[in-house]
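Trainee:
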Amino acid sequence: MAPSRVPELIDNVLAALKLSPELAKVKLVDGPLVSDSAASEWVFVGYDGDPNGEYSTASTSQTWAGLGAKAKNEDISLTCAVLVRRGSTDVRACRQRTFEIFAAVEAVVRADPSLGMPPPTVCSITDTAFFTEQTDRGIQGRLPFTLATNPTRI
Numbered sequence: 008m009a010p011s012r013v014p015e016l017i018d019n020v021l022a023a024l025k026l027s028p029e030l031a032k033v034k035l036v037d038g039p040l041v042s043d044s045a046a047s048e049w050v051f052v053g054y055d056g057d058p059n060g061e062y063s064t065a066s067t068s069q070t071w072a073g074l075g076a077k078a079k080n081e082d083i084s085l086t087c088a089v090l091v092r093r094g095s096t097d098v099r100a101c102r103q104r105t106f107e108i109f110a111a112v113e114a115v116v117r118a119d120p121s122l123g124m125p126p127p128t129v130c131s132i133t134d135t136a137f138f139t140e141q142t143d144r145g146i147q148g149r150l151p152f153t154l155a156t157n158p159t160r161i
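Heads up: the sequence shown begins at 8 in our numbering, then just goes up one per residue.
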């Protein structure tokens, strides 16, 4: 038995996002971007989109599911982010597109809150933040968020 369901959750989130027609032109990335990309819109799973950050992928909390140590309950907090870069200084357009992509991600989670994980898993987007950043490539909208499960059985 695996010591955590984090790898399974990441795989399931990426698979679900790939099926969304609203995200067809958005680059979906497992973890941090490891190569140069000409893309201007991303969804990162397991990374907050901050190249100066800590590169935290996930955190978990585990408790015994009952007597006998046969199973555990695991709460997972998976770090994700939407990143939109524009080759301009149009802050409003960048902000709007960032939140449009985030809405598409949220719609995927709402459509299947288990995200293919076993019962009694329920996933939801909890913490969010929004950063408008000026870069050498123009304005950038970065929206890190946490996808949380409570609980999943391992």
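For glycine and all other residues, C-beta sits at the position ideal for the given N, C-alpha and C.
The model shown is predicted, which means the values in this text are computed figures rather than measured ones.
Look at the Cβ atom of Thr-96, then the Cβ atom of Gly-56, and state whether they are nearer than 9 angstroms.
Mentor: As a position in the sequence shown, residue 96 is number 89, starting the count at 1. As a position in the sequence shown, residue 56 is number 49, starting the count at 1. No.
Trainee: For the alpha helix (DSSP H) containing Pro-14, name the first residue and the last one.
Mentor: Within the sequence shown, residue 14 is the residue found at index 7, counting from 1. Unbroken alpha helix (DSSP H) run through Pro-14: 13 to 25.
Trainee: Got a sec, what are the start and stop residues for the beta strand (DSSP E) Val-36 sits in?
Mentor: Here the question's residue 36 lines up with position 29 in the sequence shown. Counting along the chain, the beta strand (DSSP E) containing Val-36 begins and ends at 34 to 37.
Trainee: For Pro-161, which of helix, strand or coil comes out of DSSP?
Mentor: Mapped onto the sequence shown, residue 161 falls at position 154. First, the amino acid is wrong: residue 161 is Ile here, not Pro. Here Ile-161 sits in coil by DSSP.
Trainee: Distance check for Ala-118 and Arg-12, CA to CA, integer angstroms please.
Mentor: Position 5 of the sequence shown, counting from 1, holds the residue named residue 12. Position 111 of the sequence shown, counting from 1, holds the residue named residue 118. Rounded to the nearest angstrom, the two C-alpha atoms are 21 angstroms apart.
Trainee: Measuring only the C-alpha atoms, how far is Ser-44 from Pro-158?
Mentor: As a position in the sequence shown, residue 44 is number 37, starting the count at 1. As a position in the sequence shown, residue 158 is number 151, starting the count at 1. Their backbone Cα atoms lie some 36 angstroms apart in a straight line.
Trainee: Within the same chain, show all residues whose beta-carbon is closer than 6 angstroms to that of Gly-53, passing over the 5 residues directly before and after it, in chain order.
Mentor: Looking up residue 53 in the sequence shown gives position 46. Hits under 6 angstroms: Ile-17, Gly-38, Thr-64.
Trainee: Measure the beta-carbon distance from Ala-111 to Glu-29 and round it to whole angstroms, keeping in mind my assumption that it falls under 8 angstroms.
Mentor: Position 104 of the sequence shown, counted from the first residue, corresponds to residue 111. Position 22 of the sequence shown, counted from the first residue, corresponds to residue 29. Correct: roughly 4 angstroms between the Cβ atoms.
Trainee: Which residues in the same chain have their Cβ closer than 6 angstroms to the Cβ of Phe-137, if we skip the five residues on either side of it in sequence?
Mentor: Along the sequence shown, one-based indexing puts residue 137 at 130. Once the five neighbours on either side are set aside, the close Cβ partners of Phe-137 are Leu-150.
Trainee: How many angstroms separate the CA atom of Arg-160 from the CA atom of Gly-148?
Mentor: Within the sequence shown, the letter at position 153 stands for residue 160. Within the sequence shown, the letter at position 141 stands for residue 148. So the alpha carbons of these two residues sit roughly 36 angstroms apart.
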